[in-house]
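J.: Numbered per the working numbering, the sequence shown finishes at 147, counting up by one with no gaps. The C-beta atom is built at its ideal place from N, Cα and C for all residues, glycine as well.
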Amino acid sequence: MTARASDFRGPVEGALSALGFPDDFARGEIELRAEGAEVWLRIEPVGTTGRGHQIRGAQAAVGLVARSRIYTFRHPPRPGVLEKIHGAGRQLPSGIRVEHRPDTGGLYLRRDWTSPPGSQSLADDLQDLAARSLAWLDEVLPSLFG
Numbered sequence: 002m003t004a005r006a007s008d009f010r011g012p013v014e015g016a017l018s019a020l021g022f023p024d025d026f027a028r029g030e031i032e033l034r035a036e037g038a039e040v041w042l043r044i045e046p047v048g049t050t051g052r053g054h055q056i057r058g059a060q061a062a063v064g065l066v067a068r069s070r071i072y073t074f075r076h077p078p079r080p081g082v083l084e085k086i087h088g089a090g091r092q093l094p095s096g097i098r099v100e101h102r103p104d105t106g107g108l109y110l111r112r113d114w115t116s117p118p119g120s121q122s123l124a125d126d127l128q129d130l131a132a133r134s135l136a137w138l139d140e141v142l143p144s145l146f147g
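This is the structure:
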């Protein structure tokens, strides 16, 4: 069964409540500050490139995406930089990955859900993502390029 946007509303509302945030998810996206990091939570099409372009053969479904920015490139990264960062990203737990968005220069830790998680599980995952993004900013990136 394919998830719909409305399937994620209840878990998101419960997670926001558990984290002490007002329910402001009416547009299908919200920016949170958790554990000192900014986390963007939004409903996006599953099976797209992240810019809305459909991947061939992908189902037209939606999922929940959380991103936490860990760095912003002011200029395109030099050759080899992203490969080194993605290599370090292999140490992340299952479900979390490094994402570079060339359109914004943003480097993010990203977590996806293709089916609705429980509210408490989502709240825990958001706090974990925020904590990991701060660790990447303070420890991992400096160790790679310091």
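Closer than 7 Å by C-beta to Arg5: which residues in its own chain qualify, once you throw out the five before and the five after it? Chain order, please.
T.: Position 4 of the sequence shown, counted from the start, is the residue given in the question as residue 5. Cβ within range, chain order: Val63.
J.: Return the bridge partner residues of Pro46 from the DSSP annotation.
T.: For the purposes of this step, residue 46 is identified with residue 45 of the sequence shown, where counting begins at 1. Paired residue(s): Val63.
J.: Residue range of the beta strand (DSSP E) that Leu108 falls in?
T.: On the sequence shown, position 107 is the one that residue 108 refers to. First-last of the beta strand (DSSP E) with Leu108: Gly107 to Trp114.
J.: If we ignore side chains and look at the alpha-carbon of each, how far apart do Ser122 and Ala16 end up?
T.: Locating residue 122 in the sequence shown gives position 121, counting from the first residue. Locating residue 16 in the sequence shown gives position 15, counting from the first residue. C-alpha separation (whole angstroms): 8 Å.
J.: Within the same chain, show all residues whose beta-carbon is closer than 6 Å to that of Glu45, passing over the 5 residues directly before and after it, in chain order.
T.: In the sequence shown, residue 45 corresponds to position 44, counting from 1. The beta carbon of Glu45 is closer than 6 Å to those of Val66 in its chain, skipping five residues each way along the sequence.
J.: CA-CA distance, Gln92 and Val99?
T.: If you number the sequence shown from 1, residue 92 lands on position 91. If you number the sequence shown from 1, residue 99 lands on position 98. Rounded to whole angstroms, Gln92 to Val99 spans 10 Å at the Cα level.
J.: May I have the straight-line CA-CA distance separating Lys85 from Tyr109, to the nearest angstrom?
T.: Reading the sequence shown from its first residue, position 84 is the one you call residue 85. Reading the sequence shown from its first residue, position 108 is the one you call residue 109. Rounded to whole angstroms, Lys85 to Tyr109 spans 15 Å at the Cα level.
J.: Note down the Cα distance separating Ala38 from Asp139, rounded to an integer number of angstroms.
T.: Within the sequence shown, numbered from 1, the residue matching residue 38 stands at position 37. Within the sequence shown, numbered from 1, the residue matching residue 139 stands at position 138. Their Cα atoms are separated by approximately 12 Å.
J.: At the level of alpha carbons, what is the spacing between His87 and Leu135?
T.: In the sequence shown, the residue the question calls residue 87 occupies position 86. In the sequence shown, the residue the question calls residue 135 occupies position 134. Using only the alpha carbons, I get a separation of about 17 Å.
J.: Only counting the same chain, and skipping five residues up and downstream in sequence, which positions put a Cβ closer than 8 Å to that of Leu142?
T.: If you number the sequence shown from 1, residue 142 lands on position 141. Cβ within range, chain order: Ile71, Tyr72 and Ile86.
J.: In its own chain, which residues sit with a C-beta less than 7 Å from the C-beta of Ala124, not counting the 5 before and 5 after it?
T.: Sequence index remark: in the sequence shown, residue 124 carries index 123 (1-based). Answer for Ala124: Ala16, Ala19 and Leu20, listed in chain order.
J.: Could you give the distance in angstroms between the alpha-carbon of Pro23 and the alpha-carbon of Arg112?
T.: Residue 23 sits at position 22 when you count from the first residue of the sequence shown. Residue 112 sits at position 111 when you count from the first residue of the sequence shown. C-alpha separation (whole angstroms): 22 Å.
J.: Using only the alpha-carbon positions, how far apart do Ile56 and Leu83 sit?
T.: The residue you call residue 56 lines up with position 55 of the sequence shown. The residue you call residue 83 lines up with position 82 of the sequence shown. Bear in mind that the predicted position of Ile56 carries a pLDDT of just 47, short of 50, making it too unreliable to give a figure here.
J.: State the beta-bridge partners of Ile86 as determined by DSSP.
T.: Taking the sequence shown and counting its residues from 1, the one referred to as residue 86 is at position 85. Answer is none; Ile86 lacks a bridge partner.
J.: Taking the alpha carbon of Ser69 as the reference point, which residue from Phe26, Leu33 and Ser7 has its own alpha carbon closest?
T.: Your numbering for residue 69 matches position 68 in the sequence shown. The residue with the shortest Cα to Cα distance from Ser69 is Leu33.
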